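Number of protein chains: 2
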Amino acid sequence: MKLKQLSENLGLSQTTVSRALNGYPEVSESTRRRVQRAAAAGNYRPDLRATRLATGKAYAIGHVVPMVNKNDVINPIFAEFIAAASLTYANYGYELMLRIARTEDEESIYRKLASSRSVDGVVVHSPLLNDPRLPLLKSIGLPFVIHGRVPGAEDYSWVCMDNQNAFKQATKLLIDLGHRRIALLNGQEAMTFAWLRRAGYEEAHGDNRLDLDESLITSDDLTEPYGYQAAKEMLALSDPPTAFLVSSYVVALGVRRAVERLGLTIGKDVSIIIHDDELSYFDNSGVTPQFTATRSSVRNAGVKAATMLIEKIRNPDNPPESHMMETQLVIGSSTGPCCR
Amino acid sequence: MKLKQLSENLGLSQTTVSRALNGYPEVSESTRRRVQRAAAAGNYRPDLRATRLATGKAYAIGHVVPMVNKNDVINPIFAEFIAAASLTYANYGYELMLRIARTEDEESIYRKLASSRSVDGVVVHSPLLNDPRLPLLKSIGLPFVIHGRVPGAEDYSWVCMDNQNAFKQATKLLIDLGHRRIALLNGQEAMTFAWLRRAGYEEAHGDNRLDLDESLITSDDLTEPYGYQAAKEMLALSDPPTAFLVSSYVVALGVRRAVERLGLTIGKDVSIIIHDDELSYFDNSGVTPQFTATRSSVRNAGVKAATMLIEKIRNPDNPPESHMMETQLVIGSSTGPCCR
DNA sequence: TTGAAAGCGTTACCAA
DNA sequence: TTGGTAACGCTTTCAA
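In the order they appear, the protein sequences are chains A and B.
The numbers in the numbering used here rise by one with no breaks, and the one at position 293 of the first sequence is 293.
Quick note, the numbering used here runs 1000 ahead of the 1-based positions in the second sequence.
And the structure:
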């Protein structure tokens, strides 16, 4: 069923039918109802391709995910973020186009998305330090929101978990509990999320006049074996850590395994704080304090980024907007300082 | 830069320029080269919206992911599958539109995708037993490929890991090794992948005239705590299992934890076989046999589904095609029968 | 409150 | 081998 046929059936012009269906005010209520009824009965839906061409809009947002990890193409956090964004777009009549980008293709992908008019804007994932995509997108003039922050850069829109503060507060908590040897199991520090986490960790050390020990800091792709291996090696040091600050739950599972293999007890001999999206995956809350960005925060971030971008598209002259997602400190139970 | 301007610059008609750029044979090579050069110089790219309307194609494939899990919206396997598909579509000039569907919205989403002509076809994820989407999509006439199989249904296109055979072979291996009490930690059995895995497990038992013990079979969302809890309870039985057949690596991490907490050794006291996408996440190969669909298989499945669907769109009258992805049995090291 | 007609930027048919 | 022109199915301007 096309607009033409529908309007002929109704004995109205295409103009009137279109207006009735799109909620224009200058249509009489009785006509509108009649049109709506007929449209529903005839199962009419406007051809999105025609609407796009006629309106000059794409009614689509691109999500460009770079291939950065060895293991995943899309990590679970991104998947949740993107899923939430997708649901949000649907509410606004927008589609989500997903693009996976090899680093060498990334620039041409953005250029093509812009010049072929297939999207109205993009969400940029996995920002890096000095990320070249920022100036690129500005020069292209394609509206964008970054999922993450780029330290040092300004004048762009982003939505981000407060990684730095999260790790600062978590580190501070451990220090206040008496810990002095706190391990940081971080992600790849070329990505700003990891860089910021380390910054928060270092800040808390500085505030408390504690020296950093590089042998307690590692960064890698966030897998279970990484957590196990790193924790195992650190625990074998002559002066081992008494607490672990861990960037993801899978890594924490590895840490837990290393700890338990030594016969140590989490929450008594060793404290673990996890920064991740899914508290429930780690089932010994009540034993160890946990600092976490909950999965719902990730979803909220996706929703926020989506609405921000749509707003930006509708109002291109508004200044860049940014939003820091709150994280929350969840303490399973009281955990005294480590003393083994 | 639009086609009109480009053609004016060149002193050619839009027709000729379009033909030159789209590789039509009736253009002289010299003209084609001249056009291509000018297009590249002027950074011309056809407006995809116009192309779509003119050709009647959408140049887009929809991936509709139902919200089935409590924890993830998109599970990591889907993410990899979808990522691989996305890369494949890009090669063919197609876009991937991602839609997350609440169960109650699913039908209307498919109808809308079809009638608004925003996709040329869809990939259906997470098939269920007697999945209503099959007849729905057939009646709508929207080309589709299912990621997974629907037992009992016929005459549709699918790409699937060979879940049933994988679990049959894995179970058989354990039986041949002397195991008689084999636990199955499965996913939600409303989803066909889990149903098929159980079928394979049961088949191997039947072939060897072993009775099933329902107390050794559980199914749930695939999380670490699920694996831990289920394994812990089973190991406390008066006649505990000597082997575990596990549907995902996170679950296996939980099983391992339960096993190790009892002071048991994997590969000696207890065998574990994992069916999952990422061998490397479980780092004690060499100790326990592992049966696994590797992550590359998942990616291959995504590529396969994408190419099949595009082929189907180009050739709507071809009969349904299906493809069973091979899985491989990876044995870390020789593992004798359990005997504790 | 309604309608006629001109776009939107391509592709594709029919002539030349 | 090239070009004129009519689609494609909407939205939107202008007129009634």
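Every residue gets a Cβ at the ideal spot worked out from N, C-alpha and C, and that includes glycine.
All values reported here derive from a predicted model rather than from experimental measurement.
Selected residue, minimal CA-CA separation from residue i, among the options
i         : options                                       : result
TRP1158/B : PHE1167/B, PRO1151/B, VAL1145/B and GLN1169/B : VAL1145/B
ILE273/A  : ARG34/A, LEU173/A and GLY11/A                 : LEU173/A
ARG181/A  : PRO241/A, ARG19/A, GLU80/A and VAL270/A       : PRO241/A
SER1342/B : GLU1029/B, ASN1075/B, PHE1081/B and LYS1070/B : For chain B, the structure presents residues 1001 to 1340; residue 1342/B sits outside this window and is missing.
ARG1209/B : MET1191/B, LEU1003/B, GLY1227/B and THR1171/B : THR1171/B
ILE175/A  : ALA230/A, PHE244/A, SER116/A and LEU113/A     : PHE244/A
ASN1069/B : ARG1052/B, ASN1091/B, LEU1235/B and ALA1101/B : ALA1101/B
LYS57/A   : ALA230/A, GLY11/A, GLY148/A and ASP120/A      : ASP120/A
PRO1225/B : ALA1236/B, VAL1255/B and GLU1026/B            : VAL1255/B
TYR228/A  : LEU185/A, ASP213/A, ALA38/A and ARG52/A       : LEU185/A
THR1103/B : LEU1096/B, LEU1003/B, ASP1239/B and ARG1133/B : ARG1133/B
LEU1262/B : THR1016/B, ASP1276/B, MET1234/B and ASP1213/B : MET1234/B
ALA1084/B : TYR1110/B, LYS1138/B and VAL1123/B            : VAL1123/B
Residue span of the beta strand (DSSP E) that contains residue i, given as start and end
i         : result
ASN186/A  : 182-186
HIS147/A  : 144-147
SER271/A  : 271-274
VAL1065/B : 1060-1066
GLY1121/B : 1121-1124
ALA1243/B : 1243-1246
THR1265/B : Per DSSP, THR1265/B belongs to no beta strand (DSSP E) and is neither H nor E.
SER1219/B : 1217-1219
Supposed contact pair residue j and residue i - C-beta distance, whole angstroms, cut 8 angstroms
i         : j         : result
LYS1312/B : PRO1143/B : 5 angstroms
GLY200/A  : PHE167/A  : 3 angstroms
ASP131/A  : PRO320/A  : That pair is no contact at about 15 angstroms.
THR55/A   : ALA306/A  : Not confirmed; about 20 angstroms, so no contact.
ARG1117/B : ARG198/A  : Actually they are not in contact, since the Cβ atoms of ARG1117/B and ARG198/A sit about 49 angstroms apart, beyond 8 angstroms.
HIS1125/B : VAL1027/B : Their Cβ separation, rounded to whole angstroms, is 42 angstroms, which puts HIS1125/B and VAL1027/B out of contact at 8 angstroms.
LEU1003/B : ALA1038/B : Wrong, their Cβ atoms sit about 12 angstroms apart, outside the cutoff.
Under 7 angstroms by beta carbon: chain A residues contacting residue i
i         : result
PRO1046/B : SER116
LEU1096/B : MET97 and LEU98
ARG1052/B : ARG49
ALA1058/B : ARG49
LEU1087/B : ILE100
GLU1202/B : By Cβ distance, chain A contributes nothing, its closest Cβ being about 30 angstroms from GLU1202/B, past 7 angstroms.
Residue range of the unbroken alpha helix (DSSP H) whose run includes residue i
i         : result
ILE140/A  : 133-140
LEU113/A  : 106-115
THR1171/B : 1163-1176
GLY1227/B : 1224-1235
LEU3/A    : 3-10
Cross-chain neighbours of residue i in chain B, by beta carbon under 8 angstroms
i        : result
VAL35/A  : Within chain B, no residue comes near VAL35/A; the closest Cβ sits about 17 angstroms away, beyond 8 angstroms.
ALA17/A  : According to the sequence as given, residue 17/A is Val; it is not Ala. Going along chain B, no residue has its Cβ under 8 angstroms from VAL17/A, so there is no contact; the nearest lies around 16 angstroms.
LYS4/A   : The premise fails here: LYS4/A is roughly 15 angstroms from chain B at the closest Cβ pair, so nothing lies under 8 angstroms.
GLU107/A : The contacting residues do not exist; GLU107/A stays about 13 angstroms from chain B at best.
As assigned by DSSP and simplified to three states, the class of residue i
i         : result
GLY206/A  : helix
SER1280/B : Unreliable placement is indicated for SER1280/B, whose pLDDT of 46 sits below 50; the coordinate value is still reported in the next sentence. The answer is helix: DSSP assigns SER1280/B an H, G or I state.
SER1157/B : strand
GLU1321/B : coil
ARG99/A   : strand
THR1088/B : helix
GLY1332/B : A caution first: GLY1332/B carries a pLDDT of 48, below 50, which makes its placement in the model too unreliable to give a value.
VAL1191/B : Contrary to the premise, residue 1191/B reads as Met rather than Val in this sequence. Three-state DSSP puts MET1191/B in a strand.
ILE74/A   : coil
THR15/A   : helix
LEU1128/B : strand
ARG37/A   : helix
GLU1026/B : coil
VAL1150/B : coil
LYS312/A  : helix
SER297/A  : helix
LYS304/A  : helix
GLY1254/B : helix
THR51/A   : helix
LEU212/A  : coil
Contacts of residue i in chain A (Cβ-Cβ under 9 angstroms)
i         : result
ARG1257/B : LEU253, ARG256, ARG257 and GLU260
PRO1076/B : ASP72, ILE74, ASN75, PRO76 and ALA79
ALA1301/B : Going along chain A, no residue has its Cβ under 9 angstroms from ALA1301/B, so there is no contact; the nearest lies around 13 angstroms.
GLU1326/B : The contacting residues do not exist; GLU1326/B stays about 21 angstroms from chain A at best.
ALA1170/B : Within chain A, no residue comes near ALA1170/B; the closest Cβ sits about 21 angstroms away, beyond 9 angstroms.
Partners in chain A for residue i, counting only beta-carbon separations shorter than 8 angstroms
i         : result
ILE1082/B : ILE74 and LEU98
LYS1112/B : ARG45
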